[in-house]
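Asker: In full-length UniProt numbering, the protein residues as written are 1 to 147.
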Amino acid sequence: MKQGADLRGLIGYQVQRAHLVIDTDARAAMAAHDLSPAKLTALILIRDNPGCDQTALGRALSINRSSAMKLVNILAERGLVERRPGRDLRTNALWLTPDGEAQVPVMVDALRTSDARMTARLSAEEVRTLNGLLRKLGPATRAASAD
């Protein structure tokens, strides 16, 4: 279908189109691991923030507490995450299991391969530029997040 100047000029539309293509490929890359890219994101956040709680994980993923709990339940059932006593009796600290530690790098490699496939028409410099620009998207008042 024809895309007029209005659609070609809307950043949100172009980002959404790119997201759909990239997400489809990423899901296919993760199919062998029976895990979605979003669940891998949670594993990476837990790996990079050992001992975090479900509330902090939910905030980082922009999901509510209930959804974070369901996500952690799935990851725990898969043997990738374990709950340990948290900072108080009401919280659990989240840690990757040894199996989770071993599987995360393999899954990240699968996503890197997907990323390489999706950016094959870009030069290395264009990939760096795109990555930098995407991190800048959002309101000007929004604080820059740490890499």
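All C-beta atoms, glycine included, are put in the ideal place defined by N, C-alpha and C.
1. Classify Val72 as buried or exposed, calling it buried when 16 or more other Cβ atoms lie within 10 Å of its own Cβ.
2. Within 10 Å of its beta-carbon, does Ala102 have 16 or more other beta-carbons around it, so buried, or fewer, so exposed?
3. Based on the DSSP output, what are the partners of Glu82 in its beta bridges?
4. Mind pulling the beta strand (DSSP E) runs of 3 or more residues that sit fully within the UniProt domain "HTH marR-type" (8-139)?
5. Distance check for Pro37 and Asp99, CA to CA, integer angstroms please.
6. Would you kindly work out how many angstroms separate the C-alpha atoms of Ile22 and Tyr13, rounded to a whole number?
7. Using 10 angstroms around the beta-carbon of Asp53, count the other beta-carbons present and answer buried if the total reaches 16, otherwise exposed.
8. Please classify Lys39 as buried or exposed, where buried requires at least 16 neighbouring CB atoms within 10 angstroms.
Answerer: Taking the definition as stated:
1. buried
2. exposed
3. Trp95
4. 81-85, 92-96
5. 18 Å
6. 14 Å
7. buried
8. buried
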